[in-house]
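Enquirer:
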Amino acid sequence: MLPSEYHRRLPYGERMSAEPLLGHPFFPFEGDVQVVPLAEPELPEPPRGGETGGKPCAKCADPDGYVIWRDEQWSLKTFGPTGLPFVALLEPQEHYRLDNLPPELTATLGPMIQRVAKAIQGIDSVARTHFNRWGDGSEHFHVWFMARPLGMMQLRGAMIAAWDDMLPKIPDDEFAANSRQVAAALAEDGGEAVTSPDAE
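Residue 94 in UniProt numbering sits at position 94 of the sequence shown, with consecutive numbering throughout.
As structure tokens, then:
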């Protein structure tokens, strides 16, 4: 039994048309784009990392893995060279979901987003910092930051994550330099830059 009227009216097994996206200035594909058939809902949903029955929480299992900056409440991590000049993940040190973040920690989230965005925009190849929260892979609350390169107007909007996967990865030394620069900029206002073996 499908759980709601919304679910019951969807055309499962059919392909949706890509027509509404084709020609949109932020859509990175053209030509004969074929959308995969719409799958039926998985109920109950499979557990995310950190939830009962799921994989262990990666942040809690390795609190300092990939971290380039941290303070008592938050840490910022990068995972290696990407197609964009910089991609990072902001996480609370303690294991919380979005819905149970304590009010005192939630009050620091807005200022942290501002600090991280400003630090990333200090990279000379960056015009803007996009940030988002999906939350389907891990229960541990996290916010993604993606640096939009200067002048690259096609990379505006939600498809920046797809562009990140398609663009050639930046060189290792550039990744390390950008990581150090962002960590140092954050440390100027508190916390500590972390020398990560993953950013060397």
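Built from N, CA and C at the ideal position, the CB exists for glycine as well. Quantities reported herein were computed from a predicted structural model and do not represent experimental measurements.
Using alpha carbons as the reference points, say which of A61, F141, D189 lies closest to Q105.
Expert: Stepping through the sequence shown from its first residue, residue 105 is reached at position 105. According to the sequence shown, residue 105 is Leu rather than Gln. Answer by Cα proximity: F141.
Enquirer: In its own chain, which residues sit with a C-beta less than 7 Å from the C-beta of G191, not counting the 5 before and 5 after it?
Expert: For the purposes of this step, residue 191 is taken as the residue at position 191 of the sequence shown. These residues qualify, in order along the chain: W69, R70, D71.
Enquirer: Of the choices P28, Q114, D32, F29, whose alpha-carbon is the least far from that of R128?
Expert: By one-based count along the sequence shown, residue 128 stands at place 128. Considering only alpha carbons, the answer is Q114.
Enquirer: For M146, list the residues DSSP reports as bridge partners.
Expert: In the sequence shown, counting from the first residue as 1, residue 146 sits at position 146. Paired residues: V87, H130.
Enquirer: Take Q181 and list the residues in its own chain whose beta-carbon comes closer than 7 Å to its own, dropping the five residues that flank it on each side.
Expert: As a first step, residue 181 is located in the sequence shown; it is residue number 181 there, counting from the start. Same-chain partners within the cutoff: G122, I123.
Enquirer: For G13 and N132, what's the separation of their Cα atoms in angstroms?
Expert: Working through the sequence shown from its first residue, we reach residue 13 at position 13. Working through the sequence shown from its first residue, we reach residue 132 at position 132. So the two alpha carbons sit approximately 29 Å from each other.
Enquirer: Can you give me the C-alpha to C-alpha distance between F86 and G54, rounded to a whole angstrom?
Expert: Numbered from 1 along the sequence shown, position 86 holds the residue referred to as residue 86. Numbered from 1 along the sequence shown, position 54 holds the residue referred to as residue 54. Distance between the alpha carbons of F86 and G54 is about 29 Å.
Enquirer: At 3 residues or longer, and completely inside the stretch 30-108: list those beta strand (DSSP E) runs for me, N to C.
Expert: Correct list: 67-70, 74-77, 87-92.
Enquirer: If you check the beta carbons only, do A18 and V36 fall under 7 Å apart?
Expert: To locate residue 18, count along the sequence shown from 1; it is residue 18. To locate residue 36, count along the sequence shown from 1; it is residue 36. Contact: no.
Enquirer: How would you call E139, buried or exposed, if buried means at least 16 neighbouring beta carbons within 10 angstroms?
Expert: Reading the sequence shown from its first residue, position 139 is the one you call residue 139. E139 counts as buried, since no fewer than 16 other beta carbons sit within 10 angstroms of its beta carbon.
Enquirer: Nearest by alpha-carbon distance to V116: which of W144, Y96, P102 is it?
Expert: In the sequence shown, the residue the question calls residue 116 occupies position 116. Nearest to V116 by C-alpha distance, out of W144, Y96, P102, is W144.
Enquirer: Take W74 and list the residues in its own chain whose beta-carbon comes closer than 8 Å to its own, dropping the five residues that flank it on each side.
Expert: As a working mapping, residue 74 is identified with position 74 in the sequence shown. Cβ contact annotation for W74 (same chain, cutoff 8 Å, sequence separation greater than five): L90, E91, P92, Q93, T108, M112, G191, in chain order.
Enquirer: Taking just the CA atoms, how far does A88 sit from A58?
Expert: On the sequence shown, residue 58 is found 58 positions in, with the first residue counted as 1. On the sequence shown, residue 88 is found 88 positions in, with the first residue counted as 1. Taking the straight line joining both Cα atoms gives about 15 Å.
Enquirer: For the putative contact between A177 and A193, defined by C-beta atoms under 8 Å, what is the C-beta separation to the nearest angstrom?
Expert: Residue mapping note: residue 177 aligns to position 177 of the sequence shown, counting from 1. Residue mapping note: residue 193 aligns to position 193 of the sequence shown, counting from 1. Their Cβ separation, rounded to whole angstroms, is 13 Å, which puts A177 and A193 out of contact at 8 Å.
Enquirer: Determine the closest residue to residue 281 out of L155, G23, G135, with distance taken between C-alpha atoms.
Expert: Because the chain is modelled from 1 through 200, residue 281 falls outside the range shown and cannot be assessed.
Enquirer: Skipping 5 residues on each side, what residues in its chain have a beta carbon closer than 8 Å to that of P56?
Expert: Here residue 56 is taken as the residue at index 56 of the sequence shown, counted from 1. Within the same chain, P56 has close Cβ partners G49, G50.
Enquirer: By Cβ distance below 8 Å, which residues in the same chain neighbour R148 in space, the five residues on each side in sequence not counted?
Expert: As a position in the sequence shown, residue 148 is number 148, starting the count at 1. Contacts found: L84, V126, A127, R128, T129, H130, L155, R156, I160.
Enquirer: With DSSP run on the structure shown, which of helix, strand or coil describes E192?
Expert: Taking the sequence shown and counting its residues from 1, the one referred to as residue 192 is at position 192. Three-state DSSP puts E192 in a strand.
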